[in-house]
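In terms of my numbering, the sequence shown is numbered consecutively and its last residue is 227. In this text, a Cβ means the ideal position worked out from N, Cα and C, and glycines have one as well. Worksheet for the structure shown next.
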Amino acid sequence: MGFLLSIVIVVCLTTNIKRITTYCHRLFKKQQEHPEQQTGLFGVFRLEDVWQYKTGWTKQCMDYYKIGLIRGSNRSHYADNSIAGSATTLVFFNPHAPYTWESLEADKTGFCCVFSAPFFTTQMQEKINALPMFMAGGKPVQALTKEQDKAVADIFVRMLEEWPSDYRYKYDLLRNYVTQLIHLALKMQMSEGAGKKGESYNNREIHN
């Protein structure tokens with residue numbers, strides 16, 4: 020149930036709870052029926068499929084990692100810092116750090132994937148927590164160009180296409196898509212000279 024609430028809260032939803040709950044239960048029922056047994060939870064959706072505008076910001080669930088492609092003005096609050104985005108942003112939410120998120124306009128499009136730590140191996144969890152976009156004092160919000168928006172959106176679209184499939188190794192594939200998003204963000208930060216902290220990850224291997 021916490022995972023369901025996480026999906027609802029992550030985009031500050033005020034939509035019909037019954038519709039959201041039914042939607043999420045359908046996703047998890049599909050996951051439970053899949054022949055590849057999963058120890059972690061994973062979900063992916065389009066923001067416009069569940070979005071209804073709400074001004075102000077609310078406390079986020081802290082049990083899950085979230086990666087979102089958000090189009091339109093928004094603001095993320097991490098600890099004592101606020102990061103505003105006026106165009107398209109790729110955002111990373113860490114379950115170990117308190118944060119909130121607010122939309123600054125009514126029309127919102129994009130994507131979001133949500134996953135629990137056990138979705139990845141213990142070794143991969145350690146690597147994820149040490150990455151600049153997830154670590155304390157790092158860079159959780161990345162502004163995107165039109166070309167970068169398309170590249171990121173294409174990965175989310177592939178996630179959405181794969182999610183309902185019966186492919187035996189689809190969760191391995193979904194994990195690969197998540198790591199692709201991470202690698203894209205790392206390359207963007209490094210190409211922008213995001214800081215010495217990011218440069219040390221230039222040769223780091225990330226495998227699930």
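Rounded Cβ spacing between residue i and residue j (contact assumed at less than 8 Å)
i: residue 190; j: residue 178; result: That pair is no contact at about 11 Å.
i: residue 204; j: residue 109; result: 6 Å
i: residue 112; j: residue 84; result: 7 Å
i: residue 175; j: residue 59; result: That belief does not hold up - the Cβ atoms of residue 175 and residue 59 are roughly 19 Å apart, past 8 Å.
i: residue 192; j: residue 180; result: Contact flag wrong, Cβ pair sits at about 10 Å.
Exposure of residue i, with buried meaning 16 or more beta-carbon neighbours within 10 Å
i: residue 169; result: exposed
i: residue 194; result: buried
i: residue 72; result: Confidence is the limiting factor: at residue 72 the pLDDT is only 47, short of 50, which leaves the residue's position unreliable, though a coordinate-based value still follows. Per the 10 Å Cβ criterion, exposed.
i: residue 211; result: exposed
i: residue 74; result: With a pLDDT of 40 at residue 74, under the threshold of 50, the modelled position of that residue is not reliable, and no figure is offered here.
i: residue 107; result: buried
i: residue 161; result: buried
i: residue 187; result: exposed
i: residue 206; result: exposed
Counterpart residues of residue i in DSSP-defined beta bridges
i: residue 65; result: 130
i: residue 153; result: Residue 153 pairs with nothing; no bridge assigned.
i: residue 111; result: 86
i: residue 160; result: 110
First and last residue of the uninterrupted beta strand (DSSP E) at residue i
i: residue 90; result: 84-90
Residue i vs residue j beta-carbon contact at 8 Å
i: residue 134; j: residue 61; result: yes
i: residue 66; j: residue 127; result: yes
i: residue 228; j: residue 208; result: Nothing can be reported for residue 228, as the shown portion of the chain is limited to 20 through 227.
i: residue 200; j: residue 86; result: yes
i: residue 228; j: residue 136; result: In the structure as shown, the chain starts at 20 and stops at 227, and residue 228 therefore has no counterpart that could be examined.
i: residue 68; j: residue 114; result: no
Host alpha helix (DSSP H) of residue i (start-end)
i: residue 141; result: 141-148
i: residue 172; result: 165-181
i: residue 188; result: Per DSSP, residue 188 belongs to no alpha helix (DSSP H) and is neither H nor E.
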